[in-house]
Amino acid sequence: MTDISFAAPSPTTADIGVIGMGVMGSRLARNLARHGHAVGIYNVTTAKTQAVLDEHGDEGTFVPAAELADFVASLTRPRVVLIMVVAGPITDEVIGNVKEFLEPGDIIIDGGNSLYTDTIRREKELREDGLLFVGAGVSGGAEGALHGPSIMPGCSDEAYGRVGPMLESIAAKADDGEACCTHISTDGSGHYVKMVHNGIEYADMQLIAEAYSLLRGALELEPAALAEVFRAWNTTELESYLIEITAEVLDQVDAETGKPLVDVILDQAGQKGTGRWTVQDALDLGVPVTGIAEATFARALSSSVPQREAGQELAALAEAWQVDDADAVTEDVRKALYASKVVAYSQGFDQIYAAAVEYDWQIDLAAVAKIWREGCIIRAAFLDEIAAAYAGAAKRTGNQAADLHGAAEANDAKVSRDGAGTTNEASVDDESAAGEHSGTSTPGARTEDAEGSSGGENPVPLLLAARHFREAVEECIPALRRVVAQAALAGVPVPAFAASLAYYDGVRAKRLPAALIQGQRDFFGSHTYARIDKPGMFHTQWAEDGTEVPAS
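Okay, so the sequence shown: first residue is 1 according to the UniProt record's numbering, each after it adds one.
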């Protein structure tokens, strides 16, 4: 039942229609109108539509509609409909309702936080109806939606050719003037990249929280003083949106109690699911996103109230942190934070690459880094260096996006030829990540270092090993080691810092104890193993005479 009745709009007057006048939908509609696009607006409860007109009607041309049929009729052909509603079944319901009024060649854009597999399904279903579908990841929150978000559209070339210019017009602009919007690839690729963006965001936020916890505990500083520390850090290579807002949060005083706001906020971190999705999908792909995983589990632990209450009975058995030089400790934590942030981004880009191979997406990783430079939550100064690393490698090896399709074949061929992948200082033995099918390659397999990739393999198989980051992180690793060690002695939980250090040491190790694990797997499950000295797969007859035989 509608709240307000609008007169039926004049037909074919709007360039694009937005369904959903919540915080994000209404602000994207206003952003579009501010950039000269006539915008049809519709909400199931028309009071929200009316509120947009009453409060912001002077910002551009809005074409309101109380009925879905009138809304669609107001759009110029071929029609473009942007859906901004809650992800999941509600999105399916809205798509089902609106498509009844659409014609072949019309375009539906889903700008919500949809799971990428839903986007793949929806694109296929709508394509069968002759409709074009765009799964667009949108980052930047309410302010970004209004002033310029980072937009990650996944769709066909035809669809992007028609909606790309409009999306680019409302996207954030980097310092070099480039729009923070690019055609990611087909179907679910845009929502996948947005999902991983959010996973990196989880890791980044957890690392910052751990840095805050360490400094507050070790230096006994009040939040306002720590705010100044983070402001100073934001003038270094740590410059980023999340560091910037951390200072603002720490500076805030609660009006009711007069205490720092951070001290009256319940210490239970919520989550909407994109971090979990990222970790779950990384497990499926065999990609070790350890920092993202620990950040996700840290949120879960913070909300595990019964366990935390019971844990108050556990003995601390920890040493007090003796600080002789506060400036040195602060600098160690800063360097530890930088190194760990690079690890998080490195793992995230690894996951995007692996998914591109798995789903046959042609994703330009340099372009992804560029569109995250402004508008989005994880925007950071060093994204320019990440983009440069991927762009530079692509120039050495040929077109980066085209390289993606050869990577899986190259890795499979290597496993088939050698019996197992090889390792070096910039890669990790993938045996233990191969799942329960020994000898098979995973999309996350890495076999070349960042300075010498070739053929169809990932041009930057390890961002940490790209020259700029290798040198920068090597300078910070001693500090990260000190921070993790001292935190352990003091009984301060730093799961993301510790996971970042373990990942760094894991990928640089020439040999890992995965050989023992594979031997154990062969013992109890006859899963077989590869040898380092000859090709093929083998099994030891453990229950018999202990002789080794070729795997059948």
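Quick reminder that beta carbons are idealized off the backbone N, C-alpha and C, glycines included.
Keep in mind that this is a model prediction, so the values were computed, not measured.
Sequence-distant residues of the same chain with beta carbon closer than 7 Å to residue i, five excluded per side
| i | result |
| --- | --- |
| TRP277 | LEU115 and MET195 |
| LYS341 | ASP204 and LEU207 |
| PHE382 | GLU237 |
Option in the options with minimal Cα separation from residue i
| i | options | result |
| --- | --- | --- |
| ASP325 | CYS155, LEU215, HIS197 and ALA295 | LEU215 |
| ASP281 | GLU358, LEU501 and ALA29 | GLU358 |
| HIS527 | GLY519, GLY375 and LYS534 | GLY519 |
| GLY111 | PRO153, ASP70, PHE469 and GLU548 | PRO153 |
| ALA172 | GLY546, GLY375, VAL44 and ASP332 | GLY375 |
| ILE170 | GLY190, LYS48 and CYS181 | CYS181 |
| GLY20 | ARG77, HIS37 and GLU93 | GLU93 |
| MET166 | GLY546, HIS35, ALA530 and ALA466 | HIS35 |
| GLY275 | GLY199, ASN31, SER185 and GLU256 | GLY199 |
| ASP54 | HIS37, ARG77 and ARG30 | ARG30 |
| GLU331 | ALA466, LEU219 and ARG77 | LEU219 |
| ALA389 | GLY258, HIS468 and PRO306 | HIS468 |
| ALA488 | ALA318, SER185 and LEU250 | ALA318 |
| ILE90 | ARG77, ALA38 and VAL44 | VAL44 |
| GLN322 | VAL305, ARG511 and GLY217 | GLY217 |
| GLU123 | GLY140, LYS99 and GLY141 | LYS99 |
| ALA328 | LEU131, CYS476, ASP118 and ARG77 | CYS476 |
| ASP522 | GLY506, VAL549, LYS510 and LEU512 | VAL549 |
| THR246 | TRP542, ALA224, LEU28 and GLU544 | ALA224 |
| residue 553 | GLN362, PHE524 and THR186 | The displayed coordinates of the chain run from 1 to 552. Any statement about residue 553 would go beyond what the structure contains. |
| HIS56 | HIS37, ALA33 and ARG77 | ALA33 |
| SER552 | HIS539, GLY546 and ASP157 | HIS539 |
Own chain residues within Cβ distance below 8 Å of residue i, not counting five before or after
| i | result |
| --- | --- |
| ASN97 | LEU68 |
| ARG79 | GLY17, VAL72, LEU102, GLU103, ASP106 and ILE107 |
| GLY419 | The predicted model places GLY419 with a pLDDT of 37, which falls under 50 and marks its position as unreliable, so this point remains unresolved. |
| VAL134 | ILE107, ILE108, ILE109, ASP110, PRO153, GLY154, CYS155, ALA159, TYR160, VAL163 and GLY190 |
| LEU126 | ILE95, LYS99, ILE108, LEU132 and PHE133 |
| GLY130 | GLU103, PRO104 and GLY105 |
Proximity below 7 Å, CB of residue i to CB of residue j
| i | j | result |
| --- | --- | --- |
| GLY188 | ILE120 | yes |
| GLN252 | LEU266 | no |
| ILE41 | PHE62 | yes |
| ALA136 | ILE109 | yes |
| ALA211 | LEU337 | yes |
| ALA366 | ALA391 | yes |
| LYS335 | ALA490 | no |
| VAL343 | TYR503 | yes |
| GLU294 | PRO495 | yes |
| ASP15 | ALA38 | yes |
| LEU250 | LEU221 | no |
| VAL473 | LEU463 | no |
Beta strand (DSSP E) segment containing residue i, residue limits
| i | result |
| --- | --- |
| VAL18 | 16-19 |
| residue 559 | Not covered by the structure: residue 559. The range shown for the chain is 1 to 552. |
| ILE41 | 39-42 |
| PHE62 | 62-64 |
| ALA136 | 132-139 |
| GLU548 | 548-550 |
| MET152 | 150-154 |
Residues near residue i by beta carbon distance below 6 Å, same chain, minus five either side
| i | result |
| --- | --- |
| GLN351 | VAL196, ALA282, VAL287 and VAL289 |
| GLU431 | Because the pLDDT at GLU431 is just 32, under 50, the model does not fix this residue reliably, and the value given afterwards should be weighed accordingly. Same-chain partners within the cutoff: ALA514 and GLN518. |
| PHE297 | none |
| GLU451 | For GLU451, the predicted structure reports a pLDDT of 36, less than 50, and the residue's modelled location is therefore unreliable. The matter cannot be settled from this model. |
| ASP384 | none |
| VAL138 | GLY111, PRO149 and ILE151 |
| PHE230 | ILE243, THR246 and ALA247 |
Neighbour flag for residue i against chain C, beta carbons, 7 Å
| i | result |
| --- | --- |
| LYS341 | Absent from the structure is chain C; it holds one protein chain and no more. |
Residue i, enclosing alpha helix (DSSP H) - first and last residue
| i | result |
| --- | --- |
| THR274 | 274-285 |
| GLY519 | 514-525 |
| SER304 | Unbroken run through SER304: none, as it is neither H nor E. |
| GLY506 | 495-508 |
| residue 554 | Residue 554 falls outside the range modelled here, since the chain spans only 1 to 552, and no answer is possible. |
| GLY348 | 326-359 |
| HIS539 | Segment 537-540 is the beta strand (DSSP E) holding HIS539; no alpha helix (DSSP H) there. |
| LEU261 | 261-264 |
| VAL484 | 467-490 |
Residue i: CB within 6 Å of a non-hydrogen atom of the ligand PLP
| i | result |
| --- | --- |
| ALA389 | Only the bare structure without any ligand can be found here, which leaves the ligand PLP out of the picture. |
Under 8 Å, with one C-beta from each stretch per pair, do the stretch 481-497 and the stretch 263-272 reach the 3-pair mark? no
Would you say the stretch 334-349 touches the stretch 195-204, given that touching needs at least three Cβ pairs under 8 Å? yes
Take every Cβ of the stretch 365-382, pair it with every Cβ of the stretch 168-179, and state whether three or more of those distances are shorter than 8 Å. yes
Inspect the CB distances between the stretch 290-301 and the stretch 490-509 and report whether three or more fall short of 8 Å. yes
Does the count of Cβ pairs from the stretch 136-146 and the stretch 22-40 closer than 8 Å reach three? yes
Touching by the beta-carbon criterion (3+ pairs, under 8 Å), the stretch 377-390 and the stretch 235-248: yes
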